[in-house]
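Student:
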Amino acid sequence: MRRLWRDRRGACSVAVLAIVSGAAGAGPLVSTGRPAAQHDIVATRFLRPLATDDSGSFHALGTDRFGRDVWTRLVYGARVSLAVGALAVLLSVLIGVLVGGAAGFWPGPVRTSLLALTDFVLALPRVVLLLLLAAMARPSATLVIVVLGLTGWMSVARLVHGEVRSLAARPFVEGAVALGVSRRRVLVRHILPNALTPVIVSAALGLGNAITLEAGLSFLGLGVQPPTPSWGNMIASGRDTLVNAPWVAAAPGVALVLVVVACTLLGDALQDALNPATRYLPHRLPP
Amino acid sequence: MLAHLGTRTLTGVVVVVGVVTLTFLLVRLAPGDPVERLLGPTATAAQLAAQRRAFGLDRPVAAQYAMWLGRFARGDWGRSIATGRPVRALLGDAVPATLALVGTSLVLSYLLGLVVGAWQSRAGPRVDATLSMITVTLFALPGFWLGLMLVMAFTYWAHWFPAFGAAGLDADGLTGWSRLADRLRHFALPLTTLTLIGVGGAARYVRGAMRDVLGQPFVRTAEAKGLSPFHVTRRHVARNALIPVVTMLGLSLPALFSGAVFVEAVFGWPGVGRRLVEAVQARDYPVVVAATAVTAVLVVAGNLLTDLGVAWIDPRIRRGKGAA
């Protein structure tokens with residue numbers, strides 16, 4: 003952990019994620035608290051950023067075509083986007099650990115079939131699968147979580163499979179087996195906890211990916227449905243008003259990019275901090 | 056080498072058949088009736104039944120699948136339920152558009168990515184950090200949002216490039232150079248969107264691969280025996296670093312086609328991705344299944360090509376000695 007803090011990328015990305023999720027969590031305290039509130043639509047629509055409307059409310063990021071405060075919607079959209087992303091990653095990590103753990107621990111047909119399944123799903127364009135699944139039921143946040151979870155577990159499964167296989171040959175596992183510990187207990191208590199380190203890196207990268215894909219699905223109208231704000235459907239609604247109110251689409255996009263960059267950098271920093279192979283390498287190469 | 060490619064081709068065929076089967080099952084099990092959508096709320100039960108019979112939708116799923124697979128293999132992909140056009144013609148127009156977009160973007164992304172990544176691997180820490188920040192940001196940009204921002208800047212503000220479609224309304228009246236210029240102007244924004252994101256990813260891979268190779272003993276040997284830095288980079292570093300980069304290129308193909316779906320949807324680019332999005336929204340079964348199958352075939356074919364590329368770069372695989 004200390005190594006992560008000393009890495010500037012790590013510290014910055016944790017700070018960005020903390021600020022964004024803090025603002026999302028404290029929604030009513032940092033915004034008007036009513037993301038769908040509309041007043042006099044004609045008088046308050048398309049207000050520029052930093053404008054104050056006739057009733058005296060200040061709009062830091064302006065208003066959209068219904069006179070809704072963009073900053074408030076951004077904050078409440080962050081709740082949806084971050085929660086959907088985090089739950090989707092949790093689900094995919096769960097599936098990935100189960101599949102990868104089983105494939106790594108039980109050789110023979112179990113391993114072969116699970117690895118084949120992983121490679122198969124990995125070869126599919128994820129968005130095509132997402133579109134298919136999202137089109138099958140009525141679009142909702144729950145559906146997006148399930149769909150993203152079901153299409154995002156493969157890299158975790160591969161990582162866990164590799165770790166479990168190499169761990170299974172280690173002396174402490176042999177020791178546990180020799181002591182008469184059941185195979186399942188060996189896997190759950192002795193191997194999996196040690197195999198989870200690379201999963202953390204993968205989860206950080208996966209979070210950025212999941213948030214982007216949720217936004218994409220919502221943008222196409224197949225994800226979180228308006229009036230519930232999510233960054234994706236905010237960008238979609240700003241699409242029609244690009245000419246006279248570009249801030250409506252720009253603001254959620256900037257937030258999205260910030261969070262995804264933070265996730266990627268966090269993943270990189272975690273990788274360097276956790277991986278003993280790169281840890282001792284000099285950062286600068288000889289000229 | 057041949058055995059290696061044979062295995063990979065076989066795997067590819069299995070993937071394609073698997074995708075098609077999975078898609079077919081998912082689409083048929085989905086709620087929402089395309090016939091009701093087509094005929095509208097005023098249709099009587101008898102009309103609905105007649106239309107279902109006409110599409111073969113009244114038979115068991117297994118029978119529909121067998122019938123459909125046989126026709127699919129023969130090249131008869133049925134008719135779009137929403138538009139009535141033959142699916143094959145619909146997608147036949149779309150595949151070249153997608154290939155032009157994805158292919159050009161792929162080539163440009165990796166060429167630029169090679170330059171940036173190679174520069175980074177040799178640059179000082181400050182330049183490296185700055186470029187890393189830029190490539191991470193590019194890679195994080197969602198295609199549909201970047202597309203919109205480019206439209207805002209280059210269509211609405213600068214009036215340089217059109218934002219929609221592959222050709223202007225007057226394209227049929229244009230000839231020669233002006234027609235080509237019209238095409239290129241329509242191509243500019245979608246291509247830039249996909250390529251900017253692609254460069255970010257490619258440069259990150261190239262930088263990592265070059266760094267790994269630069270730390271190897273054989274590079275030190277090459278430098279120690281007095282080869283020029285250019286020679287070392289080109290012959291010893293780049294050639295070895297290309298192997299993981301080309302492998303990665305193959306692995307990134309599904310993501311590239313995924314990204315193209317959003318970009319095509321934003322720019323109205325008449326490719327497979329846009330057709331797929333439209334078909335999914337209209338629950339147009341034949342088009343959804345065929346578009347998914349076509350995408351899978353394109354991805355698998357791309358993977359085979361990259362396998363060939365890796366074999367061409369790496370003599371160990373070409374001569375059948377490598378444990379690929």
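Heads up: the sequence lines are chains F and C, in that order. Quick note: the first sequence uses the numbering used here, first residue 3, plus one each step. Quick note: the second sequence uses the numbering used here, first residue 56, plus one each step. A virtual CB, placed ideally from N, CA and C, is assigned to each residue, including glycine.
Across the stretch 179 to 188 of chain F and the stretch 199 to 217 of chain F, are there enough close Cβ pairs to call them in contact, namely three or more that are closer than 8 Å?
Tutor: At 8 Å Cβ cutoff, the stretches do not touch.
Student: With 8 Å set as the bound, which would you pick, yes or no: does the beta-carbon of L133(F) sit closer than that to a beta-carbon of chain C?
Tutor: It does; some Cβ of chain C falls within 8 Å.
Student: Comparing the C-beta of P127(F) with each C-beta of chain C, is any distance below 8 Å?
Tutor: Yes, contact with chain C.
Student: If we call anything under 8 Å between Cβ atoms a contact, is S176(C) one with M265(C)?
Tutor: Taking 8 Å as the Cβ cut-off, S176(C) and M265(C) qualify as a contacting pair.
Student: Taking 8 Å as the CB-CB limit, is G73(C) close to chain F?
Tutor: Chain F, which has a Cβ nearer than 8 Å to the Cβ of G73(C), makes this yes.
Student: To the nearest angstrom, how far is it from the Cα of G102(F) to the Cα of I193(F)?
Tutor: Whole-angstrom Cα-Cα distance: 12 Å.
Student: Can you tell me which of I298(C), A345(C) and A356(C) puts its alpha carbon nearest to the alpha carbon of V75(C)?
Tutor: Closest by alpha carbon: A345(C).
Student: Quick one: list the residues of chain C neighbouring I237(F), beta-carbon separation under 9 Å, in chain order.
Tutor: Those within 9 Å of I237(F) in chain C are P197, F199, W200 and L203.
Student: If you pair each beta-carbon of the stretch 245 to 263 of chain F with each one of the stretch 159 to 172 of chain F, do three or more pairs fall below 8 Å?
Tutor: Taking 8 Å as the limit for Cβ pairs, the verdict is that the stretch 159 to 172 of chain F does not touch the stretch 245 to 263 of chain F.
Student: Within 8 Å, do at least three Cβ pairs link the stretch 310 to 319 of chain C to the stretch 143 to 159 of chain C?
Tutor: Enough Cβ pairs lie closer than 8 Å, so yes.
Student: Would V268(C) and V300(C) be called neighbours here (beta carbons separated by less than 8 Å)?
Tutor: No.
Student: Helix, strand or coil for T65(F)? Go by DSSP, reduced to three states.
Tutor: Strand at T65(F).
Student: Could one say the Cβ of F48(F) lies closer than 8 Å to chain C's Cβ atoms, at least one of them?
Tutor: It does not: the Cβ of F48(F) has no partner Cβ on chain C nearer than 8 Å.
Student: Nearest by alpha-carbon distance to I147(F): which of F122(F), P109(F), E216(F) and L267(F) is it?
Tutor: Closest option to I147(F), Cα to Cα, is E216(F).
Student: So V342(C) packs on V142(C), CB below 8 Å; how close in whole Å?
Tutor: Sure, about 6 Å apart at Cβ, within 8 Å.
Student: So, under 8 Å CB-CB, A1(F) and V149(F) are touching, yes? Tell me the CB distance rounded to an integer number of Å.
Tutor: Outside the modelled stretch of chain F, which goes from 3 to 289, sits residue 1(F), for which no answer is possible.
Student: By the 10 Å Cβ neighbour count, where 16 or more other Cβ atoms means buried, how is F60(F) classified, buried or exposed?
Tutor: When all chains shown are included, F60(F) counts as exposed.
Student: Leaving aside the five residues before and after N358(C) along the sequence, list all residues of the same chain whose C-beta is less than 6 Å from its C-beta, in chain order.
Tutor: So the list reads G305, once near-sequence residues are dropped.
Student: For the pair the stretch 195 to 212 of chain C and the stretch 241 to 259 of chain C, tell me if three or more CB-CB distances fall below 8 Å.
Tutor: Contact between the stretch 195 to 212 of chain C and the stretch 241 to 259 of chain C is present, because at least three Cβ pairs lie under 8 Å.
Student: Decide if the stretch 120 to 137 of chain F is in contact with the stretch 217 to 227 of chain F; the criterion is three or more beta carbon pairs, one per stretch, under 8 Å apart.
Tutor: Flag = yes, the stretch 120 to 137 of chain F and the stretch 217 to 227 of chain F touch.
Student: Which of helix, strand or coil does DSSP assign to L134(C)?
Tutor: Here residue 134(C) is Arg; the residue named in the question, Leu, does not match the sequence. Strand.
Student: Please list the residues of the stretch 87 to 103 of chain F that have a C-beta atom closer than 8 Å to any C-beta atom in chain C, keeping them in chain order.
Tutor: Answer set for the stretch 87 to 103 of chain F: empty.
Student: With 8 Å as the threshold, decide whether the Cβ of G218(F) is near any Cβ in chain C.
Tutor: Interface residue, yes.
Student: Could one say the Cβ of A144(C) lies closer than 8 Å to chain F's Cβ atoms, at least one of them?
Tutor: Taking Cβ atoms only, chain F never reaches closer than 8 Å to A144(C), which makes this a no.
Student: Please list, in chain order, the residues of the stretch 192 to 223 of chain F that have any C-beta partner in chain C closer than 8 Å.
Tutor: Listed by position along the chain: G210, T214, A217, G218, F221, L222 and G223.
Student: What does DSSP give as the partner residue(s) for F60(F) in the beta ladder?
Tutor: For F60(F), which the question treats as bridged, DSSP gives the partners T54(F).
Student: How would you label T144(F), buried or exposed, when you count the other beta carbons within 10 angstroms and need 16 or more for buried?
Tutor: Looking at its Cβ environment, which holds fewer than 16 other Cβ atoms inside 10 Å, T144(F) is exposed.
Student: Can you tell me whether DSSP reads D369(C) as helix, strand or coil?
Tutor: DSSP places D369(C) in coil when its eight states are reduced to three.
Student: Need the endpoints of the alpha helix (DSSP H) that Y165(C) sits in, please.
Tutor: Here the alpha helix (DSSP H) through Y165(C) covers V142 to R177.
Student: Between the alpha carbons of T66(C) and G95(C), how many angstroms are there, rounded?
Tutor: The straight-line gap from Cα to Cα measures roughly 43 Å.
Student: For L131(F), collect the residues of the same chain with a Cβ closer than 6 Å to its Cβ; drop the 5 residues on either side in sequence, then sort them by chain order.
Tutor: Within the same chain, L131(F) has close Cβ partners T153.
Student: Quick check on T78(C) - is its C-beta less than 8 Å from some C-beta in chain F?
Tutor: For T78(C), the answer is yes, since a Cβ of chain F falls inside 8 Å of its Cβ.
Student: Report buried or exposed for M156(F), applying the criterion of at least 16 other Cβ atoms within 10 angstroms of its Cβ.
Tutor: Buried, by the Cβ-count rule.
Student: Do you know how far the Cα of L360(C) is from the Cα of D369(C)?
Tutor: Their backbone Cα atoms lie some 14 Å apart in a straight line.
Student: Using the rule of at least 16 other Cβ atoms within 10 Å of the residue's Cβ for burial, across every protein chain shown, is F199(C) buried or exposed?
Tutor: Under this definition F199(C) is a buried residue.
Student: Would you verify that the beta carbon of L244(F) is, or is not, closer than 8 Å to some beta carbon of chain C?
Tutor: L244(F) counts as touching chain C.
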